[in-house]
Each structure stands twice: as structure tokens, then as C-alpha cells.
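**Q**
Number of protein chains: 4
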Amino acid sequence: MHIYRRNIFYYETDRMQVVHHSNYIRWMEEARIACLDALGVCYAELEAKGIISPVLSVECHYRSMSRFGETFRVETKLTEVTRVSYSLSYRIYDDATGELRADGTSSHCFINEKGRPISLAKKEPELYERVCRAVEPES
Amino acid sequence: MHIYRRNIFYYETDRMQVVHHSNYIRWMEEARIACLDALGVCYAELEAKGIISPVLSVECHYRSMSRFGETFRVETKLTEVTRVSYSLSYRIYDDATGELRADGTSSHCFINEKGRPISLAKKEPELYERVCRAVEPES
Amino acid sequence: MHIYRRNIFYYETDRMQVVHHSNYIRWMEEARIACLDALGVCYAELEAKGIISPVLSVECHYRSMSRFGETFRVETKLTEVTRVSYSLSYRIYDDATGELRADGTSSHCFINEKGRPISLAKKEPELYERVCRAVEPES
Amino acid sequence: MHIYRRNIFYYETDRMQVVHHSNYIRWMEEARIACLDALGVCYAELEAKGIISPVLSVECHYRSMSRFGETFRVETKLTEVTRVSYSLSYRIYDDATGELRADGTSSHCFINEKGRPISLAKKEPELYERVCRAVEPES
């Protein structure tokens, strides 16, 4: 499990005086990139090699509201890796109180710059192995 | 079914040269508000009356990529209404070609300004009836 | 002068219950692209030809606050065009009341895909002439 | 001078493959809030007391382009404080190379929840003094 934390930005709130729900999807991306980075997979380098990893689907369940002034914490798990795709689950908490803010999932594939699906296992076997070893199936 | 259309903004794209996936969640909100408006439910007025309608969950499946220069079209259906909640489904297309870009759902409840769940059926029976009549169950 | 209008989106507001100031900078971009389009300069096509037009500077003065439920109107003027750059001024109004929300300026250059400055006059003389004829010096 | 640093997020880039210019305005806000915080002025608390500090104007000059994978650093100076307003200047750098990305300014006033201008000097004399002592006039 990887942990990602940061302060909430003022511009992330909306007129309901809480964080706009679309920003949780962005936080999940921030957490995913930090999680991959912690596994030694530098997202910017991956793209520099022509390996792109778009989102196939996202899902988010909102449990309580986040406010400006708070720090959020995302607990990210890599739940599945195949040769051509991977999935993650996220639990977002208020860092101070531990209150669950949201939980969600995302799934991703690998494509090249022409948009064709590629196998990470073939292209980057060493990276692929490392990512595979990090998988924690959803309990 | 309600139809919502607009041009894609430059700032909605990312370095993959396509629209960032989080923006589809925002488009779903734009479409939801336009859809409610077409049913005579003005979201700004609703909030002025102290009826707030936060997002409980969202889900989005990305099918193809959107680019700057395109116009997108969202087809929105109200799929379920209860006294305290409602759900919608969305299909997002490239308006020119009809290619499916994404499909998704969102669910919402009604709360008052203190964050307590409220019954739209009780608070605004006339609105509630109108919204109920617009329901189109998912086929 | 070019006129651009649209509804304010919910997610453009912040916890102050008004539109976040950074979004005016985005509205200026939307208006600029619509303004160029009205002059027959399609921004997406320009980029497809390898002509990129980054922002050199922006400035915005906030005069009154915009709220969800309102429609804004941007009046855009092309105030200066040289062979390698151009500037615009913007006045943003509440469309219903005509109240001035903000006014600002932006300036831009032309570069190629390697980031080198290019002359629009040389690369696209016909476009350049058209844009020049549209200049309205600031009064 | 206050220093604020963070990684660039993927969703902050645009199809030009660099950070969209509107995000620098948001970075200036992040830096301003961190700068005030370092002076013992907690923005969330200020708002909880009914003291709101909207933006009167912003200005930004873009010097070079920021990319995903980089860390930016904002050097923020409080350049002027009056009883009812304050101004800041910002210099944004690539943290690794020290290359200047942008420089800008913002000015702000204080209002109450009804939108009326208020004097920080009167409302929060102790805070006001602290902020005054932090002023570094632009050289």
C-alpha cells in the first residue's frame, strides 16, 4: 500500500464550500503516479519511452466532505496487473481524523504513441516484474 | 433523454494531447445541470432554497479519446428517482462522427444546508413529481 | 470586437461562492480562440500546421463577482498584431445585467514545434493579413 | 521571502505538452496561502472569522515552459500592505535547474461576508502588525 498526502487547495473547493467531486478523480491520479514512482516506475520516463497509460475506467464513492484547510491522505493499492493493463484501488481519508472521504478504483492499459495497445511485459519486462510483485489483491 | 453539447476547451486537454479523463466527470455535471434545467429544475434556485444535491458516486468508462477542436455531445437519462436520491446515466459522443467517447453514471442525494438528508418529495412535491415523470429506466 | 458567451459551470465556483479568479484566465482563452475562429483562424488547424501560439503574459483586474446561474459575456478586441506576436484585450460582463466582472489583456507569440519563434507573416501571409485587418487599437 | 515547492501534476499540462498558463495563477494562490501561513496567518481561520481576501488583480509573465516530471518553486514576497489591501510578487522557477518559468504579482483586499471592505488593521490588529513586518518592497 502506498500513502500519498497533501493539503487541499482553495481552488479545489466549490460553492458548496467543500472539495468538488471531480477533484477526487485528480487526486487518484496524483496518488497513482506517486505510487508508481515509489515502485521505481517514473511516469514521465515511461512516456518518454513512448509508453502511455490512459485511463480505461474510474469509479468513486463519496463518503464525507473535504474542506479547505484539511490535508487528505490517499491509500493506494495496486490490485491487478496483466501484461496489458492494471487496476488500482484508492481510499481517501482526512489525514487528521482518519475519516473516510471517498473510495474508488481506476483501471488502465498501455498504449504506444499511435494509440495501439502494447504489452508492458514485452516492452519493459523488468518494470513489469516489479509492478507484478507489488500487487495486493483487494480483500 | 436530454442532449447537451459544447466545444472542447484547450485547457481541458493534457500532454497526451487528448481531453484529461477528469474533465468527463465535469461534463457529466454540466449535462446533469442542463438536464435538470430542461425539466424545469433550476439548480441555482434549488440551492437558494437550501436544497443541495451532492454526488454520492460516479463511474465512467472511457471508450475513445476526445481532442481539442471537437464538439462533444452528452446524452443524459434520469434512470432512477426516489424521495431522497436520484441517478443518471450519460453517454458522451463526438458530435460530428457519433463515435462513443465515454459512458458513465452518477448518483445523488438531497441534503439541507446542515448536511442532513432531506426528502425532495416532501420539500418540493411538485418538482419531485416532475422529475419522477422524466425517469427512463436503463434498457 | 468579438462576443463570446456561456453559462458558468458549477465547478468553476469556489468556497467564497463565486467563480474562482483563475477561471477568468481560462475564459479569456476560450474567448480568444472563438475570436480567432470568427476571423477564420482555426486554432486546431494552426497547431496541425505546426504553428503554436503560447501566452507571453496575462493580466486581469477583477471588478465584481460572478456566480453560478449567471451567463458571462466576453468582449474581445485584437489590440495589436506584429509579424511575430499579437495582443488582445478582454472585458467580461454579466450578460443579464451588463455589470463589468473583469477586464484584462493577454499577449502571445508564434512558435514552431521546436519552440523557435516564427513569423506568421512569412508562414501564413494570408492569415496574417486577415488578422491585421481585425486590429482595433485600445481607445 | 517565502519558498513554496511541489511536483507538477499530470492534469496541469495541456496538449502543448507543457503546463497550461492558467495553472500558474493557481500556483500563485497556493504560494500566497503558504506564505501567509508561514507568517502565522491561517487562511482557513481568517475565513472562519468572516474575513475574506479576494483577488483584485493578477499579472503573470511567462518566461519558459514547465513540464510534467518537474518540481516548481515559487518565491513569494509580500510587497505592500495597507490597512485594507496587500500585494505580493512571485517568481516561479524550475526547482532543479533554477530556470525562471514565470513572474507575476497579485493584489488583494479584505472584505466581510457581505462583501463590504474591512480594515484588517482594525479587525485583527495583531495579525496586521505581523503582516506589516513581513513586507519586502520590490527592489
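Residue numbers (the working numbering), protein chains in the order written: chain Z, 537 to 675; chain R, 537 to 675; chain G, 537 to 675; chain L, 537 to 675.
Each residue gets a CB set at the ideal place from its N, CA and C atoms; glycine is no exception.
Fair warning: this is a prediction, and the values are worked out from it, not measured in the lab.
Using the Cβ count rule (16 or more neighbours within 10 Å means buried), how would you classify T607/G?
**A** Taking the first residue of the third sequence as 1, we reach residue 607/G at position 71. It is exposed - the Cβ of T607/G has fewer than 16 other Cβ atoms within 10 Å.
**Q** Taking one C-beta from the segment 573-590 of chain Z and one from the segment 570-577 of chain L each time, how about it: are there three or more such pairs within less than 8 Å?
**A** Segments in contact, no.
**Q** If you reduce the DSSP assignment to three classes, tell me which class S593/L lands in.
**A** Taking the first residue of the fourth sequence as position 1, residue 593/L is located at position 57. In the structure shown, S593/L sits in a strand (DSSP, three-state: E or B).
**Q** Roughly how many angstroms separate the alpha carbons of M537/G and G586/Z, rounded to a whole number?
**A** Locating residue 537/G in the third sequence gives position 1, counting from the first residue. Locating residue 586/Z in the first sequence gives position 50, counting from the first residue. Looking at the two C-alpha atoms, the distance is approximately 43 Å.
**Q** With DSSP run on the structure shown, which of helix, strand or coil describes E611/R?
**A** Within the second sequence, residue 611/R is the residue found at index 75, counting from 1. In the structure shown, E611/R sits in a strand (DSSP, three-state: E or B).
**Q** How would you call T633/L, buried or exposed, if buried means at least 16 neighbouring beta carbons within 10 angstroms?
**A** Looking up residue 633/L in the fourth sequence gives position 97. By the 10 Å Cβ count, T633/L comes out exposed.
**Q** With burial defined as no fewer than 16 other Cβ atoms inside 10 Å of the residue's Cβ, what is the status of V554/R: buried or exposed?
**A** In the second sequence, the residue the question calls residue 554/R occupies position 18. V554/R should be labelled buried.
**Q** If contacts are defined as beta-carbon pairs under 8 Å, then E524/L and Y540/L qualify, I think. What distance do you get, rounded to the angstrom?
**A** Outside the modelled stretch of chain L, which goes from 537 to 675, sits residue 524/L, for which no answer is possible.
**Q** Once DSSP output is grouped into helix, strand and coil, what is the label at V555/Z?
**A** Residue 555/Z sits at position 19 when you count from the first residue of the first sequence. Here V555/Z sits in strand by DSSP.
**Q** Can you tell me where the alpha helix (DSSP H) with A632/G in it begins and where it stops?
**A** In the third sequence, counting from the first residue as 1, residue 632/G sits at position 96. Element bounds for A632/G: n/a, residue is neither H nor E.
**Q** Taking I588/L as the query, report the chain G residues whose CB atoms sit under 9 Å from its CB, ordered along the chain.
**A** Reading the fourth sequence from its first residue, position 52 is the one you call residue 588/L. What I588/L touches in chain G: M552.
**Q** Since H644/Z and Y622/Z are thought to touch, with beta carbons under 8 Å apart, how far apart are those beta carbons, to the nearest angstrom?
**A** Here residue 644/Z refers to the residue found at position 108 when the first sequence is read from its first residue. Here residue 622/Z refers to the residue found at position 86 when the first sequence is read from its first residue. Confirmed, Cβ separation roughly 6 Å.
**Q** What does R562/R reach in chain G if we use C-beta pairs closer than 8 Å?
**A** Taking the first residue of the second sequence as position 1, residue 562/R is located at position 26. The answer, in chain order, is F545 and Y547.
**Q** Any C-beta of chain G sitting closer than 7 Å to the C-beta of F604/Z?
**A** Counting from one through the first sequence, the residue named residue 604/Z turns up at place 68. With 7 Å as the cut-off, F604/Z counts as an interface residue toward chain G.
**Q** In angstroms with no decimal places, state the Cα-to-Cα distance between G640/R and T612/L.
**A** The residue given as residue 640/R occupies position 104 in the second sequence. The residue given as residue 612/L occupies position 76 in the fourth sequence. The alpha-carbon atoms of G640/R and T612/L are separated by roughly 42 Å.
**Q** Quick check: is the beta carbon of S600/G nearer than 7 Å to any beta carbon in chain L?
**A** Along the third sequence, read from residue 1 onward, the residue named residue 600/G stands at position 64. Taking Cβ atoms only, chain L never reaches closer than 7 Å to S600/G, which makes this a no.
**Q** When you compare each of K658/G, G576/G, S600/G and G605/G to V667/G by their alpha carbons, which one comes out closest?
**A** Mapped onto the third sequence, residue 667/G falls at position 131. Ranking the options by Cα distance to V667/G, first place goes to G576/G.
**Q** Kindly indicate if chain R contains any beta-carbon less than 7 Å away from that of H538/L.
**A** Taking the fourth sequence and counting its residues from 1, one reaches residue 538/L at position 2. Output row for H538/L: interface = no.
**Q** Going along chain B, which residues have a C-beta under 7 Å from H556/R?
**A** No chain B appears in the structure shown, which is made up of the protein chains Z, R, G and L.
**Q** Which of helix, strand or coil does DSSP assign to A670/G?
**A** Numbered from its first residue, the third sequence carries residue 670/G at position 134. If DSSP states are grouped into helix, strand and coil, A670/G belongs with coil.
**Q** Along the chain, where does the beta strand (DSSP E) that runs through Y540/R open and close?
**A** Here residue 540/R corresponds to residue number 4 of the second sequence, with the count starting at 1. First-last of the beta strand (DSSP E) with Y540/R: H538 to N543.
**Q** What residue range is occupied by the uninterrupted alpha helix (DSSP H) comprising E583/R?
**A** Counted from its first residue, the second sequence places residue 583/R at position 47. Element bounds for E583/R: Y579 to A584.
**Q** Would L592/L pass as an interface residue toward chain G - the criterion being a Cβ-Cβ separation below 7 Å?
**A** Working through the fourth sequence from its first residue, we reach residue 592/L at position 56. True, the Cβ-Cβ gap to chain G drops below 7 Å.
**Q** Using 10 angstroms around the beta-carbon of E635/L, count the other beta-carbons present and answer buried if the total reaches 16, otherwise exposed.
**A** Residue mapping note: residue 635/L aligns to position 99 of the fourth sequence, counting from 1. The residue in question, E635/L, is exposed, as its Cβ has fewer than 16 Cβ neighbours within 10 Å.
**Q** Just to confirm before moving on: does the CB-CB distance between A638/L and I628/L stay below 7 Å?
**A** Within the fourth sequence, the letter at position 102 stands for residue 638/L. Within the fourth sequence, the letter at position 92 stands for residue 628/L. Yes; because the gap between Cβ atoms is below 7 Å, this pair is in contact.
**Q** What in chain L is Cβ-close to A580/Z, meaning under 7 Å?
**A** By 1-based counting over the first sequence, the position of residue 580/Z is 44. In chain order: F604 and G605.
**Q** Anything in chain L within Cβ reach of I628/Z, meaning under 8 Å, just list it in chain order.
**A** Stepping through the first sequence from its first residue, residue 628/Z is reached at position 92. What I628/Z touches in chain L: nothing, since even the nearest Cβ is about 16 Å away.
**Q** Per DSSP, what kind of secondary structure is I647/G in: helix, strand or coil?
**A** Residue 647/G sits at position 111 when you count from the first residue of the third sequence. Strand, per DSSP.
**Q** What does a CB cutoff of less than 8 Å around T615/R pick up in its chain, not counting 5 residues either side in sequence?
**A** Indexing the second sequence from 1 puts residue 615/R at position 79. Counting only Cβ-Cβ distances below 8 Å, and skipping sequence neighbours, we find S623, L624, S625, T641, V671, E672, P673 and E674.
**Q** Tell me the residue span of the alpha helix (DSSP H) that contains L656/L.
**A** Mapped onto the fourth sequence, residue 656/L falls at position 120. For L656/L, the uninterrupted alpha helix (DSSP H) segment begins and ends at L656 to K659.
**Q** Residues in the segment 651-668 of chain G with C-beta within 7 Å of chain L's C-beta atoms, listed in sequence order?
**A** none
**Q** Using the beta-carbon of each residue, which ones in chain L are nearer than 7 Å to C596/G?
**A** Translated into positions along the third sequence, residue 596/G becomes position 60. Within 7 Å Cβ-Cβ: S593 and V594.
**Q** I need the DSSP call for I569/G, collapsed to helix, strand or coil.
**A** As a first step, residue 569/G must be located in the third sequence, where it is residue number 33. I569/G: helix per DSSP, three-state reduction.
**Q** I'd like the list of long-range same chain contacts for T549/R, defined as Cβ closer than 8 Å, with 5 residues on each side in sequence excluded.
**A** Taking the first residue of the second sequence as 1, we reach residue 549/R at position 13. The beta carbon of T549/R lies closer than 8 Å to those of V555, H556, R603 and F604 in the same chain, with the five residues before and after it left out.
**Q** Using only alpha-carbon positions, find the residue among Y560/G, A584/G and M601/G that is nearest to E595/G.
**A** The residue given as residue 595/G occupies position 59 in the third sequence. Here the closest residue by C-alpha is Y560/G.
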